[in-house]
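There are 2 protein chains.
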Amino acid sequence: MNKKVTMLELAKIARVDISTVSRALNNSPVVKESTRRRIQRIADEIGYAVNAPASSLRRKSARAIGMVIPLDQEAEQTMSDPFYLEMVGAVSQAAADLDYDLVVTVPRDARQVAERRLLNTGRADGIIVIGQAARIERLNELAEVHSNFVVWGGRIKRAKYTTVGSDNVKGGHIATSHLLERGARRILFLGDPDLPEVKLRYDGFLKAQKEAGISHDPSYLLRMNFGGRTTYNQVLDFLRAGNKIDGIFASSDLLANSAIHALVAKGLSVPGDVRVVGYDNIGQASMMTPPLTTVSQNISQGGQMMVELLLAKLEGEKVNSRFTKTELIVRDSA
Amino acid sequence: MNKKVTMLELAKIARVDISTVSRALNNSPVVKESTRRRIQRIADEIGYAVNAPASSLRRKSARAIGMVIPLDQEAEQTMSDPFYLEMVGAVSQAAADLDYDLVVTVPRDARQVAERRLLNTGRADGIIVIGQAARIERLNELAEVHSNFVVWGGRIKRAKYTTVGSDNVKGGHIATSHLLERGARRILFLGDPDLPEVKLRYDGFLKAQKEAGISHDPSYLLRMNFGGRTTYNQVLDFLRAGNKIDGIFASSDLLANSAIHALVAKGLSVPGDVRVVGYDNIGQASMMTPPLTTVSQNISQGGQMMVELLLAKLEGEKVNSRFTKTELIVRDSA
DNA sequence: ATGGAGTATACAATCGTTTGCATTTCATGA
DNA sequence: TCATGAAATGCAAACGATTGTATACTCCAT
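Protein chains in written order, with UniProt numbering: chain A, 1 to 334; chain B, 1 to 334.
Here is the structure:
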């Protein structure tokens, strides 16, 4: 049904050797400019496109990068965080700019070794892994065999691989300072400090208050996972217990949204009575109604950095910095 | 750095011909069971994995399906809708189950012909396109050249390709009935009826009210795009203008969330004074605090259906039904 | 004219699998 | 023991591109 044009046919039409066609299409400087253009024109006319598998086989490079999005146990929850899709988009575009395709894998359970498979089968030249959470050891193992992968996530001492992410301590610091500058003194923290990234944000949270000379009540911390299924009730209970707050730093925008709902339900106004700052700057944040003040992770920049770093590694460059920071910005809604 | 084990080496170790190895790994019935197991064991030991490009070249099949997520102009907005990522996850898993990889492309502008490229280069055997919105004509053109693609979206008369999606009219009907059954009489619709899917939901919305003998005031429709950047203010203005409502049917969960914020800001309680129903059942909905009542599209099932349908087409089966419906469920928060 | 330095193109090997066909191995019955 | 068919394995030709090396072609200086 589908006519498969091969390079050989194209060569015949152009009355040159197939090797010349190949060089022409790959912009080799040795082919004369006029021939190159002629060949290119014919290619467009007959709708020829280089066969990827053949090219990959010969080149020993798939011109594709793999992306692994682990979901661990709480598949549903993690999945629903818009952050991930924004990252897929950012990486896809950055890859496309460099003429690479993106092979996405969403391993069902963490035990799978999706990364290894992608690399060993030669389907991808390198891998981008989103999030390390509970997989640090596994990634360390992988690092001993393959070096061509980059991980999105916070900087972790014992990680033996290249990481890209924002400076979470700084992010927590910025968010908290934002609240302090606006007069908040009794700030509640939302998130699970057992998660590495959240822990760092919490550190920044504490640091900012210490610097400002504010004494922080350690009970002003509500542990909850990223999903936020329980956030609403937890916050409500916290308020009902008589705790007074004038600020909330939520470790994700999802949690912030839920928290705002709870505050309003309790008759508090945002940001009148309580100021709320989120984290991530998922695209939704800016349209969240009212817009949410959040710490931006510049996801698009992060995706681009990961792709560039990965390709640099593939080309054998020594990537000296093991950790690269993306920009952080407070997007204020006020 | 990376030792590349080839099938030939594996064959030597196993002291058989490379062709036997190939057949063994592909579970050909002609190789003796004992040899098959022996070869498999050795393969595991030395960590051999079939080289994908070579296999694809020879087989003339990439064992990969492409997924195109068009973002049109309002890239940001569309992108932030969690629906898309859930779909990526669903398709990825369905594909993985059938041993296919997933190549994701997020074309920057709608003018690109990402689908064609993926197919022509042989990088993907078939394509899944998410959303048709403004691209119906382009997809119709594509359909004349390639038949191996499936589109997610509402059923549209002039579409000449295979579509999978939920029954949007029915969905709108279900949502509206849900509100009516609970006593709502003055229901506001949120969404842009210029979008095909939304139009159908609106039709269902009208139909349900007509059946119930409720006269619907056509001014109870706030046009807004999926992004929902303006939803909060639009709803607030609508209320301030003195319009009374006791129900809202939002054509997406994002809009519903914004609407709830606006209602609460106006001093109305949800669902006490106004009942709100969303659409999509993005994972977030159930944890949206308070949980949102929404019409579920069963995204996971939808993704699976698309993959199965696509593979059936690839195998030449005549896919008779041009439109396949996924299940619809009202997830009630009450 | 002719040699030589470039420049442009052609030849042919190769990448790692899969698969049609030929060949060997094996068990079985005569 | 040997022919015989079936079962298991081996041989070799693809698949469609890329690339090192060899050849042909230009153009100019002698």
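Don't be surprised by glycine CBs; every beta carbon is placed ideally from N, CA and C.
These figures come from a predicted structure and were not determined experimentally.
Which chain A residues sit within Cβ distance under 7 Å of residue i?
i	result
B/R123	A52 and D101
Out of curiosity, what's the CA-to-CA distance linking residue i and residue j?
i	j	result
A/M224	A/L263	17 Å
B/Q77	B/L254	Interpretation of B/Q77 is limited by its pLDDT of 43, a score under 50 that renders its predicted location unreliable; the figure taken from the coordinates is listed afterwards. Each residue's alpha carbon lies about 11 Å from the other.
A/M79	B/L85	Confidence at A/M79 is low in this model, with a pLDDT of 45, below 50, so the placement of that residue should be treated as unreliable; the coordinate-derived value is given next. Taking the straight line from one Cα to the other gives about 7 Å.
B/A95	B/M306	10 Å
B/V30	B/V129	39 Å
A/Y100	A/R185	49 Å
A/K210	A/Y161	33 Å
A/A14	A/L102	33 Å
B/G303	B/A175	23 Å
A/K170	A/R201	7 Å
B/R138	B/L10	47 Å
B/V5	B/A54	13 Å
B/P218	B/L239	16 Å
A/D203	A/K157	15 Å
A/G272	A/Q234	21 Å
A/K12	A/Q297	52 Å
A/G153	A/V164	6 Å
A/D167	A/R155	8 Å
A/Y48	B/A159	27 Å
A/G122	B/T121	17 Å
B/G267	B/L236	11 Å
B/V198	A/V104	29 Å
A/M7	B/N257	54 Å
B/L314	A/Q40	31 Å
B/K60	B/L179	53 Å
B/H146	B/V106	20 Å
A/A62	B/E141	29 Å
A/L98	B/V88	23 Å
Take residue i as the anchor and find which of the options has the nearest alpha-carbon.
i	options	result
A/G172	A/F205, A/Y220, A/V30 and A/S166	A/F205
B/R36	B/N243, B/V21 and B/S251	B/V21
A/I248	A/L25, A/I65 and A/A259	A/A259
residue 336 of chain A	A/Y220, A/A265, A/S251 and A/A250	Since the first residue of chain A shown is 1 and the last is 334, residue 336 of chain A is not available in this structure.
A/S269	A/G154, A/I245 and A/Y279	A/I245
B/D194	B/R63, B/L188, B/Q297 and B/S251	B/S251
B/G316	B/D203, B/Q132 and B/N148	B/N148
B/R117	B/G66, B/R108, B/V150 and B/G165	B/G66
A/V277	A/D237, A/T230, A/E181 and A/A265	A/E181
A/L309	A/G126, A/A24 and A/T105	A/G126
A/V113	A/T230, A/A90 and A/A143	A/A143
A/F261	A/Y279, A/Y232, A/D280 and A/S300	Residue identity check: residue 261 of chain A is His in the sequence provided, not Phe. That would be A/Y232, whose Cα lies nearest to the Cα of A/H261.
A/I136	A/N26, A/V151, A/H146 and A/S61	A/V151
A/Y279	A/G213, A/A312, A/K207 and A/L190	A/L190
B/I42	B/F83, B/R63 and B/V16	B/V16
A/L292	A/D97, A/R275 and A/K207	A/R275
A/T294	A/L311, A/S177, A/G213 and A/G183	A/S177
B/L222	B/I187, B/L119 and B/S34	B/I187
A/A212	A/G183, A/L25 and A/S92	A/G183
Taking the DSSP output, what are the residues bridged to residue i?
i	result
A/F149	A/I127
A/I248	A/L188 and A/V276
A/T162	A/V150
B/S55	DSSP, once it has assigned bridges, lists no residue as partnering B/S55.
B/L102	B/I65
A/T293	A/V277
B/L222	B/L190
Give the residues of chain B in contact with residue i, contact being defined as C-beta atoms less than 7 Å apart.
i	result
A/S92	V104, T105 and V106
A/L57	P53, A54 and L57
A/V264	V264
A/N168	Here the premise fails: no neighbours, minimum Cβ distance about 22 Å.
Going along chain B, which residues have a C-beta under 8 Å from residue i?
i	result
A/Y84	L85
A/A62	A52 and P53
A/R138	Neighbours of A/R138 on chain B: none; closest Cβ ~16 Å, over 8 Å.
A/N298	Chain B residues near A/N298: none, gap ~13 Å exceeds 8 Å.
Anything in chain B within Cβ reach of residue i, meaning under 9 Å, just list it in chain order.
i	result
residue 336 of chain A	Nothing about residue 336 of chain A can be read from this structure; chain A reaches only from 1 to 334.
| request: Determine which residues of the stretch 243 to 258 of chain B have a Cβ less than 8 Å from any Cβ of chain A, and write them out in chain order. | output: L254, N257 and S258
| field | Short-range partners of chain A found in the stretch 19 to 43 of chain B, where Cβ spacing is below 9 Å | value | none
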